[in-house]
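Engineer: 477 is the number that our numbering gives the last residue of the sequence shown; the numbers go up by one with no jumps. Backbone N, C-alpha and C define an ideal beta-carbon position, used for all residues, glycine too. Since the model is a prediction, treat every value here as computed from it, not as a measurement.
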Amino acid sequence: MQFTSVDFEQNVSKALNDQYLQQALRKGMQGFVGKRAEAVAAVPEFERLRDEARDVKNHTLAHLDYYLERFEASVIRLGGQVHWAGDAREARNIVLEICRKAQAKTITKGKSMAGEEIDLNEALEADGFEVVETDLGEYIIQLAEEPPSHIIAPAVHKTRDQVADLFHEHHSALGFDRRLTEVPALVDEARQVLRQKFIDADVGITGANFLIAETGSNVIVTNEGNGDLTSTLPRVHIVTAGIEKVVPTLEDMTVLMRVLARSATGQDASTYTTIFSGPRRAGDPDGPQEYHVVLIDSGRTAILGGEFQDILRCIRCGACLNHCPVWGSVGGHAYGWCYSGPMGAVLTPLLKDLEAARHLPNACTLNGRCEQNCPVRIPLPSLLRKLRHRQYEARLTDSVTRYGLSVWAYLARRPALYRFASNLIARSLHRLGKRRGWLSRVPFAGGWTGGRELPVPQGATFQTQWRSRKRV
Ligand code: SF4
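1. Beta-carbon separation of Ile243 and Val412 under 7 angstroms?
2. Would you mind sorting Ala414 into buried or exposed? The rule is 16 or more other CB atoms within 10 Å of its CB.
3. Nearest by alpha-carbon distance to Ala58: which of Cys104, Arg457, Val335, Ile320 is it?
4. Taking 6 angstroms as the cut-off, is the beta-carbon of Cys379 closer than that to any non-hydrogen atom of the ligand SF4?
5. Using DSSP with H/G/I as helix, E/B as strand and the rest coil, what is Phe1?
6. If you follow the alpha helix (DSSP H) that Gly120 is in, where does it begin and where does it stop?
7. Please return the same chain residues whose Cβ sits closer than 8 angstroms to the Cβ of Ala450, not counting the five positions on each side in sequence.
8. Using the DSSP secondary-structure output, state which residues sit across from Pro460 in a beta bridge.
9. How is the alpha helix (DSSP H) around Trp453 delimited, first residue to last?
10. How many whole angstroms separate the CB atoms of Lys202 and Thr278, which I take to be in contact at a CB cut-off of 8 angstroms?
11. If contacts are defined as beta-carbon pairs under 8 angstroms, then Asp302 and Gly442 qualify, I think. What distance do you get, rounded to the angstrom?
12. Could you pull out every residue in the same chain whose Cβ sits closer than 6 angstroms to the Cβ of Ile156, ignoring the five residues on either side in sequence?
13. For Glu360 and Val405, what's the separation of their Cα atoms in angstroms?
14. Let me know if Gln147 comes out buried or exposed under the rule of 16 or more other beta-carbons within 10 Å of its beta-carbon.
15. Taking the beta carbon of Arg263 as the centre, do at least 16 other beta carbons fall within 10 Å, making it buried, or is it exposed?
16. Scan the region 136-217 and note each continuous beta strand (DSSP E) run of 3 residues or more that stays entirely inside, going in chain order.
17. Counting C-beta neighbours from all protein chains within 10 Å, is the total for Leu385 16 or more, i.e. buried, or is it exposed?
18. Going by beta-carbon coordinates alone, are Arg382 and Arg55 separated by less than 7 angstroms?
19. Please name the residue, chosen from Gln7, Gln27, Met34, that lies closest to Glu151 on a Cα-to-Cα basis.
20. Give me, in chain order, the residues of the same chain whose beta-carbon lies closer than 7 angstroms to that of Pro462; leave out the 5 immediate sequence neighbours on both sides.
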């Protein structure tokens, strides 16, 4: 996916003016928040599970080298192969080499954010392979030639009409003449198109929700069963996953499973949860002949052990996106890379480029809903604040912000002066806007007043009121 975080402001303005996107976001995102709340309310021990899930991930990250080596040994014992990729280019080359050796023509793919991260489809297609996404949302955006806009609902930015147009345009040549508009009919048509691709595929590529060190297994959860067909039908199965996906045992995985689906879609459990362990054994009725796991670092070890390590706990549930007012207004494409919302605003500057992605940590109101709903208790607002601090230290913050922060810091260290200045500003704003009750322009706050009016301060400042209350 082309990295366009650098154009964040432009992306946002495009998103806000896209009526189809706004319509799709309003409709598509309605259910997630309410369903999560219901699912969580039905599990009294949910907060304890969040603690346990956090602890499992923290323990694994503290001993990541050990568990990765244990995972590798377990995969080899099963007859599979593990490949270590330092960066995206290396990961792509490993996958390409496996596909070439397998003399593959058709490759089916399950949904994989790691695959998106390393631009796998583009590399495979450039090498002449036919690549078919099999998750319905991924299939839709593949037809539209767009990147995913949400980590669990890649096509949530599309309206039903847009999907109907896409299917009609691409499926007519396959004998599907009618433009269908009802959801079940569209799903059925996609199923019919994809069925033959599953049968034809030489290689299947999936991601992994979890990798299990003790058994060498990879675990995927889907609601469509496409991941299972992608993994078991082709001759070769390739798993692409970030190194942080490993957990010690199957039991540890069950703790994370209990918070994953509830946080993501509000389901008690996803429709399909499958544990794959190595290639087909003698006597097995099905399964791939070759089983490869590509472990991707691509910047993760640089995060490990540092002040941003908490983000490596992320299990890609999407809850922070679903609860983020910024994501809900502009969708995922505005963030300019495959990861969006609060987790993307932390991960993208760390994995890509702090300077190029400098807008992302600032695209946040620090309302805290992401942290409140994160199943592994990642302190996203704190991480965003730390990134802002890092930007400030690296002099990547614009001069108006730097100057404003210096003035504020100077005043904040002198309480009497701070009170005097805030009273003066409040009184001046009140005087300026008292006739209308609001202000349409405020110096240094053009970003806020460009799209809304600022109500004038109604009286004394909070501190003045507090002091007078104390006197009473
Ligand atoms: S940061 Fe937390 S809420 Fe957001 S996707 Fe990751 S696990 Fe889910």
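Structural biologist: This is what the structure holds:
1. Numbered from its first residue, the sequence shown carries residue 243 at position 238. Numbered from its first residue, the sequence shown carries residue 412 at position 407. No; because the gap between Cβ atoms is not below 7 angstroms, this pair is not in contact.
2. Mapped onto the sequence shown, residue 414 falls at position 409. Ala414 comes out exposed.
3. On the sequence shown, position 53 is the one that residue 58 refers to. If we check each option's Cα against that of Ala58, Ile320 comes out closest.
4. The residue given as residue 379 occupies position 374 in the sequence shown. It does: the Cβ of Cys379 is within 6 angstroms (strictly closer) of some heavy atom of the ligand SF4.
5. No statement about residue 1 is possible, as the shown extent of the chain runs from 6 to 477 and does not include it.
6. Residue mapping note: residue 120 aligns to position 115 of the sequence shown, counting from 1. Counting along the chain, the alpha helix (DSSP H) containing Gly120 begins and ends at 118-122.
7. In the sequence shown, residue 450 corresponds to position 445, counting from 1. Same-chain partners within the cutoff: Leu459.
8. In the sequence shown, counting from the first residue as 1, residue 460 sits at position 455. Answer is Trp443, bridged to Pro460.
9. The sequence position of residue 453 within the sequence shown is 448, counting from 1. Run containing Trp453: 451-454, per the alpha helix (DSSP H) assignment.
10. The residue given as residue 202 occupies position 197 in the sequence shown. The residue given as residue 278 occupies position 273 in the sequence shown. The pair is not a contact, with the Cβ atoms about 23 angstroms apart (cut-off 8 angstroms).
11. For the purposes of this step, residue 302 is taken as the residue at position 297 of the sequence shown. For the purposes of this step, residue 442 is taken as the residue at position 437 of the sequence shown. No, Asp302 and Gly442 are not in contact; Cβ-Cβ is about 56 angstroms, not under 8 angstroms.
12. Position 151 of the sequence shown, counted from the start, is the residue given in the question as residue 156. For Ile156, where only same-chain residues beyond five positions count, the Cβ hits under 6 angstroms are Met118, Arg321, Gly323.
13. As a first step, residue 360 is located in the sequence shown; it is residue number 355 there, counting from the start. As a first step, residue 405 is located in the sequence shown; it is residue number 400 there, counting from the start. Distance between the alpha carbons of Glu360 and Val405: 17 angstroms.
14. Numbered from 1 along the sequence shown, position 142 holds the residue referred to as residue 147. It counts as buried.
15. On the sequence shown, residue 263 is found 258 positions in, with the first residue counted as 1. So Arg263 ends up on the buried side.
16. 208-211, 215-217
17. Start at 1 with the first residue of the sequence shown, and residue 385 comes out as number 380. The residue in question, Leu385, is buried, as its Cβ has 16 or more Cβ neighbours within 10 Å.
18. The residue you call residue 382 lines up with position 377 of the sequence shown. The residue you call residue 55 lines up with position 50 of the sequence shown. Cβ atoms of Arg382 and Arg55: closer than 7 angstroms.
19. Along the sequence shown, one-based indexing puts residue 151 at 146. Closest by alpha carbon: Gln7.
20. The residue given as residue 462 occupies position 457 in the sequence shown. Only Ala431, Leu434, His435 meet the Cβ criterion.
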